[in-house]
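This report refers to the structure that appears directly beneath it.
Residue numbers (our numbering): 3 to 82.
The structure is reproduced here in structure tokens:
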């Protein structure tokens, strides 16, 4: 099944994914802190999950809010 979506819907979906990644990052980071004293292995795994969601969050942030670079010599602003 293939859906065709417009740019606004695509941006909504990316933002929804970004929000979910932020929630999951927080949840796994809290779990890592909770397990740190009692289950070091579980805490390490939870921290790894939090870092993975952090990476996803950074990528989606860059899609939603691109970073502008200074104008190039040709006067064109580059957005990356």
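Cβ coordinates follow ideal geometry from the N, Cα and C atoms, glycine included.
Give the straight-line distance between the Cα atoms of residue i and residue j, rounded to the nearest whole angstrom.
i, j, result
"residue 32", "residue 50", "12 angstroms"
"residue 42", "residue 35", "10 angstroms"
"residue 62", "residue 17", "8 angstroms"
"residue 47", "residue 56", "14 angstroms"
"residue 15", "residue 7", "10 angstroms"
"residue 65", "residue 20", "10 angstroms"
Quick check on residue i: buried or exposed, where buried means 16 or more other Cβ atoms within 10 Å of its Cβ?
i, result
"residue 39", "exposed"
What residue from the options has the CA that sits closest to residue i's CA?
i, options, result
"residue 54", "68, 8, 13, 22", "22"
"residue 26", "6, 65, 58", "58"
"residue 28", "12, 52, 5, 45", "52"
Looking at the secondary structure, which residues open and close the alpha helix (DSSP H) in which residue i lies?
i, result
"residue 42", "42 to 66"
"residue 21", "9 to 37"
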